[in-house]
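In this note's numbering, the protein residues as written are -6 to 270.
We put the beta carbon where it would ideally sit given N, CA and C, even for glycine.
Let me begin by presenting the structure, written as structure tokens, before commenting on it.
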Amino acid sequence: MPSTSPSLWVVATPLGNLGDFSPRAREVLAAADMVLAEDTRRTAGLLRNAGIEARLVSCHDHNEEQRIPEMLEAMRTGSTLALVSDAGTPLFSDPGYRLVRAARKAGLTVSAVPGPSAPLCALAASGIAPQPFTFLGFAPRKQSEQLAFFEQFARTPSTLIFFERKNRLRTTLETAYNALGPRELCVARELTKAHEEFILCRLEEFQTVPDDLLGEITVIVGPPEKEQALDTQALRALIEDEMRLGGKPREVARRTADRAPGWSVKEIYEIMKDLRT
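If you want it as structure tokens, here you go:
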């Protein structure tokens, strides 16, 4: 690489299909003095398949902060580093942000080699409005934290993208529905691999999503559908109707949400509190 090359390269690698490993990514990784990898064993296999010999150094969530001084010193003394994740574009729910930020603050040159990205790949093939979109990373594990997490995006006028693990998917989709209300939904798994699959339905139909999915999962939730929502007066009448049927406030709010397009359980619950006072 020329002497004007960046001190730190952020390099996208294949999600699964090795045909997506770009010539430029191969060139940068082959020429780097160090390749910082989330999982050195996984990256070693990728590089071996490409015929690339490289010095691999681990850089993951548990050691990134401690690695930064050493990596900055290496770059200051002329070493060229390349950062990769297990798959796709680094920093998207993967390590690397703190190192890139520290390099920028130190006045070092950082550049990226673009390529595969699970959020963009899933969005492009989902058929759901591609812009604007908001990438959320992984949702919190605890259901109470999940609800608050999704509620903060209930009024965001954009498509939402997040990652989830297979054993929590259906529960997370139910929580997302309670916070966001009825929306388009796409569950994408095993992107670019032999068993790639796109499940297209509605967020309120979360129970129809299989609970035995395998592989990496990316979820696309469409933007709010307020243009189809009931007006406030009609919504209040619906709430009063459901309140007469009885039940705990959250149950009433959930039943109302099933009958009120474009309104989330949280929004209905807040209106119910006004009606009770």
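- Following the DSSP letters along the chain, one finds Phe143 inside the alpha helix (DSSP H) bounded by residues Gln136 to Glu144.
- Linking Ala246 to Asp54 through their CA atoms gives a straight-line distance of about 39 Å.
- In its chain, beyond the 5 residues on either side, Ala95, Ala96, Ala99 and Leu101 have a beta carbon closer than 8 Å to the beta carbon of Leu65.
- Take the alpha-carbon of Asp87 and the one of Asp267: they are about 43 Å apart.
- Of Ala37, Leu196, Asp204 and Arg163, the smallest CA-CA separation from Ala250 is found for Leu196.
- Counted as a single uninterrupted DSSP element, the beta strand (DSSP E) harbouring Cys179 occupies residues Glu177 to Arg182.
- By the Cβ rule, the stretch 111 to 118 counts as touching the stretch 152 to 172, because three or more pairs are nearer than 8 Å.
- With fewer than 16 other CB atoms across the displayed protein chains lying within 10 angstroms of its CB, Gly71 is exposed.
- For Arg195, there is no enclosing alpha helix (DSSP H); the enclosing beta strand (DSSP E) has its first and last residue at Glu190 to Arg195.
- Scanning its chain for C-beta atoms nearer than 7 Å, with the 5 sequence neighbours on each side dropped, one finds around Thr36 the residues Val28, Ala30, Leu49 and Val77, in chain order.
- At a Cβ-Cβ threshold of 9 Å, Glu260 and Ala105 do not count as neighbours.
- In this structure Ala172 is in contact with Leu140, their Cβ atoms being roughly 6 Å apart against a cut-off of 8 Å.
- Shown here for Ile61: same chain residues with a beta carbon closer than 8 Å to its own, the five before and five after excluded, namely Arg91, Leu92 and Ala95 in chain order.
- By the 16-neighbour rule on beta-carbons within 10 angstroms, Pro175 is buried.
- Residue range Ile210 to Val214 is occupied by the beta strand (DSSP E) that includes Ile213.
- Only residues of its own chain outside the window of five on either side were considered, and among them Leu268 have a CB closer than 8 Å to the CB of Glu233, listed in chain order.
- Excluding sequence positions up to five before and after Ser15, its CB lies within less than 6 Å of the CB of Gly108, all in the same chain and listed in chain order.
- Secondary structure in the stretch 37 to 100: the alpha helix (DSSP H) runs of 4 residues or longer, each lying completely within the stretch, are 57 to 69 and 90 to 98 in chain order.
- In this structure, the straight-line span from the alpha carbon of Thr33 to that of Ser51 is close to 6 Å.
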